[in-house]
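The block underneath contains the structure these notes are about, expressed in structure tokens.
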Amino acid sequence: MSQKFEKLLQQLESVEKFAAAKANQEPDFEIVAGELNQLTNVLKVGKIRVNIVSRFPVLTAALEKLINSQSSLSSIYDLKTITPPTQPQPNLPNLSAFLTLQPSITTGEKPTPYQLSNQQKVTIGRQENCQISLSHECTLVSRNHLEIIPRLENSQNLVWEIRDLNSTHGTYINSEKLVGSSQKLNPGDRITLGSPQHTFRSPEFRFECESKAAVIQEPKLDINFNNCEILCLVINPSQSLDEQDKKLIEAAVKTQLFKLVIVWDTSAENLASPLVKNNIYIAETWLKSYNFRGEYLVQTYLQLPPFHHYSQEQSLTKILTSNSQSNYTQFYQIWETLVNGDYQEILKEQVKAKMILQLGKLDEIFNKKEAFLKQEIQKINAGLAGQSIEDFQEQINRISQQINSDISQTILQIRNLEIPSAKANLIEEYSQKSLLFKIKNFIDNLQITIKKNGDKYDVNLHSEQMRENDTIHSYINRLCISELSNWSYQEWQKILYTYANGGLMGFAQRACTNLNFIPSFELSISALTITQQNFDIYKCWQESYVEFTPDIPPEQKTNYLIEIGRFGAGAMGITLGNPFPLITNLINVFDKNSAKQFRQEQQIEPLKNKLCDYYQSIGKSMVEKLMIHLNYTIQMEENRLSKTIQIKVDEMVSHLAKVKKLREEYQVKIQNLQKEKIELNQRIKGEVS
152 MSQKFEKLLQ QLESVEKFAA AKANQEPDFE IVAGELNQLT NVLKVGKIRV
202 NIVSRFPVLT AALEKLINSQ SSLSSIYDLK TITPPTQPQP NLPNLSAFLT
252 LQPSITTGEK PTPYQLSNQQ KVTIGRQENC QISLSHECTL VSRNHLEIIP
302 RLENSQNLVW EIRDLNSTHG TYINSEKLVG SSQKLNPGDR ITLGSPQHTF
352 RSPEFRFECE SKAAVIQEPK LDINFNNCEI LCLVINPSQS LDEQDKKLIE
402 AAVKTQLFKL VIVWDTSAEN LASPLVKNNI YIAETWLKSY NFRGEYLVQT
452 YLQLPPFHHY SQEQSLTKIL TSNSQSNYTQ FYQIWETLVN GDYQEILKEQ
502 VKAKMILQLG KLDEIFNKKE AFLKQEIQKI NAGLAGQSIE DFQEQINRIS
552 QQINSDISQT ILQIRNLEIP SAKANLIEEY SQKSLLFKIK NFIDNLQITI
602 KKNGDKYDVN LHSEQMREND TIHSYINRLC ISELSNWSYQ EWQKILYTYA
652 NGGLMGFAQR ACTNLNFIPS FELSISALTI TQQNFDIYKC WQESYVEFTP
702 DIPPEQKTNY LIEIGRFGAG AMGITLGNPF PLITNLINVF DKNSAKQFRQ
752 EQQIEPLKNK LCDYYQSIGK SMVEKLMIHL NYTIQMEENR LSKTIQIKVD
802 EMVSHLAKVK KLREEYQVKI QNLQKEKIEL NQRIKGEVS
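According to my numbering, numbering within the sequence shown proceeds without interruption in unit steps and concludes at 840.
Here it is in structure tokens:
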């Protein structure tokens, strides 16, 4: 290796080492490291790289043999032959393939779709520059965890394969660990990172795609001009310059190669042929439109086919003698003068220019990463609306105290003021809307009938309001349930929306409004919504001695509860329903004198009073049970609201802590990027080996 290359080689190796060390962090570093490695090998070989390209393989082989036949040229040039595709190639099918990230605490409340490329691989991990970058809270995910690779199957069908990138905790497909280098994905597959089960630490994707037939397209020219200094295009002038040749020349011009050489093969046709002359004229006219710099474009004419058949056993002199020796000599002189004698200096400058190009790519990678980090910090700051995290933490403490005070006052007013007032109205005996008044009014309006039944007299109490099979007990029971059900429903609606400045829902709305002051934290009022929209009144009477839907057998409908007395031809009883043990000895025994009817009427009032006292006491008991259950339900809602609010407050505090930590991590990464830039400059200057 020439001493001219030593310093440049040290720079290349140092920068290549720098880029290769970071290849696991960023795929682009790996690409740059590969390009720098090629440049290092170029200096070690010490030859000018030449790519010989033609649509006809026979021409590239012939030209390669011709140049290598001269030792003076083979010591200068490192040749590589390339034949572009000439047949139409199947294009990648136009598929709609997606990975859908399933919702969780760390990935958001809604599914997130990511469209997959049908030409490039997609990397997934916690690394910021992954195509799909996951939250750092997904702790079971590696920095570069896996990649999804499109592949053409059977030259027609496009499929996607998944490959684990040696992740710490592995990759799971439908809860089965991925074994081997790669696996084909099928629609509906569940991809879980780090664990067989989907958790907030191990996110899960769903793979979906829609298969379609491949589309045939024209051949695509894909030649890397960075791996050569000279592009040599061999053209058969019997055919016109096609679009592929033009695209090849255009691409070469854009890459600023050292030289572009066009060799016109004149073996098939005579240069004087009108067809050849016309094709060459059209091609040269098109070439002139580019205004090539200096001596960038070199053209020569030569008969090439004989060299395609040349072998070591044949005499090169014989082949050259059979053709125009002067043409070949002139051709050799052209290639010797391409580098103007000092080819090593040219090679050094070409490699240096390509190294600068790769350094620019490294700088672009750093700038891209730094811009991304700064953008993320800007998002965080925008989510904080210009306030400090400490200010938000202080605001959280202050508002949570206000909310706790608000809920205490709200519940206190409902339980100690609003509910007792409503209860008092419910059991006020002299209020026409009260339950006790309606019980008394019903009993007072009961009608009396006396029927002789054998040797007894039946005294029956009834009302037009009663149904055909009703007893006093069943009617009053139904009256109590109906009145208390309506009352409890109306009261519960007032507890939710009216009492204490908007009720429990008003409190929940105020709490949500007061807590929703961090822009980057999404607070949903649904968590504070009262879940029990309707008060269940029947729970409080499940063990009550009052029957809800009494089913009295026919033989008990005229059940005699007491015998009032016996005399003469018979006795008198009172039908009151089932059961009624309190009314005993209510009517005194009387004889058959003329005051019989009068005495019956005198005795009926005490009987109604006893009935009224009894059923009003039952009504009061039902109200008390209702109050106990109502207060218990209010207490449960208060506990649930307080617990939910505390959970939200804790989430807000946790969110701020995560935001602070994440911003600090981004700032540290920016500082590390600056240090890496400094290190790179030191390596370029040779200060670091």
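We treat Cβ as the ideally placed atom computed from N, Cα and C, and that holds for glycine.
CA nearest to the CA of residue i, picked from the options
i    : options                   : result
V292 : P301, A248 and E355       : E355
Q529 : S226, Q221, Y817 and C360 : Y817
A248 : I299, Y650, F443 and T257 : I299
V230 : K198, N592, T258 and L246 : Just to set this straight, residue 230 is Leu in the shown sequence, not Val. The shortest Cα separation from L230 among K198, N592, T258 and L246 belongs to K198.
S255 : E288, Y265, P235 and V810 : E288
F668 : M617, V490, E545 and V385 : E545
K405 : F376, E827, T488 and K811 : F376
Q616 : E634, N596 and K603       : N596
F358 : N555, I313 and I558       : I313
R352 : P338, T257 and S440       : T257
L194 : N832, E157 and N604       : E157
Y483 : V196, S222 and N628       : S222
Y441 : I400, K836, F672 and S551 : I400
N317 : Q282, K499 and N295       : N295
Q552 : E838, Q161, I796 and R200 : I796
S793 : W638, E673 and S556       : S556
L224 : L246, R200 and T232       : R200
Own chain partners of residue i with C-beta closer than 8 Å, once the 5 adjacent residues on each side are dropped
i    : result
S585 : N576, L577, I578 and E579
I779 : C691
R566 : N782 and I785
F523 : E279 and N280
Y102 : Shown here, the chain extends from 152 to 840; a query on residue 102 therefore has no answer.
S582 : N576 and F588
Q833 : V839
With 16 other Cβ atoms within 10 Å as the buried cut-off, status of residue i
i    : result
V412 : buried
K525 : exposed
D315 : buried
W437 : exposed
M803 : buried
I798 : exposed
I227 : buried
T290 : exposed
L727 : Unreliable positioning characterises L727 in this predicted model, as indicated by a pLDDT of 37, which lies under 50. The coordinate reading is nonetheless provided below. Buried, by the Cβ-count rule.
N670 : Reading off the sequence, residue 670 comes out as Pro, not Asn. So P670 ends up on the exposed side.
M773 : buried
N387 : buried
D702 : No answer about D702 holds up, because its pLDDT of 42 lies below 50 and its placement is not dependable.
D542 : exposed
D493 : exposed
K328 : exposed
L309 : buried
Nonlocal neighbours in the same chain, by C-beta distance under 6 Å from residue i, ignoring five residues either side
i    : result
L392 : A434
K512 : V183
T263 : L252
T234 : P208
L382 : N202, A403, L408 and L411
A651 : T561, Q564 and I565
T600 : N611
L762 : I594
I531 : V810 and R814
Spatial neighbours of residue i in its chain, beta-carbon cut-off 7 Å, leaving aside the 5 residues before and after
i    : result
Q644 : none
G770 : L586, L587, I590 and C631
D687 : none
F180 : A170, K173, A174 and I516
Q116 : Only positions 152 to 840 of the chain appear in this structure, which leaves residue 116 out of reach.
Q521 : Gln is not the amino acid found at residue 521; the sequence shown has Glu there. Closer than 7 Å at the Cβ level, and outside the excluded window around E521, lie I821 and L824.
7 Å Cβ cutoff, residue i in contact with chain D
i    : result
L510 : Of the protein chains in the structure, only one exists, and it is not chain D.
Check whether the segment 160–172 touches the segment 272–289, taking contact to mean three or more Cβ pairs, one atom from each stretch, closer than 8 Å. no
The segment 182–200 / the segment 436–453 touching (three or more Cβ pairs under 8 Å): no
Spell out a yes or no on whether the segment 211–228 and the segment 387–397 are touching, meaning 3 or more CB-CB pairs, one atom from each, closer than 8 Å. No, because fewer than three Cβ pairs between the segment 211–228 and the segment 387–397 fall closer than 8 Å, the two stretches do not touch.
Closer than 8 Å is the cut-off here; do at least three beta carbon pairs connect the segment 603–614 with the segment 655–674? no
The segment 345–360 contacting the segment 318–329, beta-carbon criterion three pairs below 8 Å: A contact exists between the segment 345–360 and the segment 318–329.
Could you tell me whether the segment 262–273 touches the segment 494–514, using the rule of 3 or more Cβ pairs below 8 Å? no
What are the complete beta strand (DSSP E) segments, minimum 3 residues, inside the segment 283–317? 297–304 and 308–315
Which ranges would you report for the beta strand (DSSP E) in the segment 160–231 if only whole runs of at least 3 residues count? 199–204
Residue ranges of each beta strand (DSSP E) within the segment 387–446, 3 or longer: 410–416
Uninterrupted beta strand (DSSP E) stretches inside the segment 540–627 (no shorter than 3 residues): For the segment 540–627, the full-length beta strand (DSSP E) segments reaching 3 residues or more read 598–604 and 607–613 along the chain.
Can you list, in chain order, the stretches of the alpha helix (DSSP H) that have 4 or more residues and sit fully within the segment 633–667? 650–666
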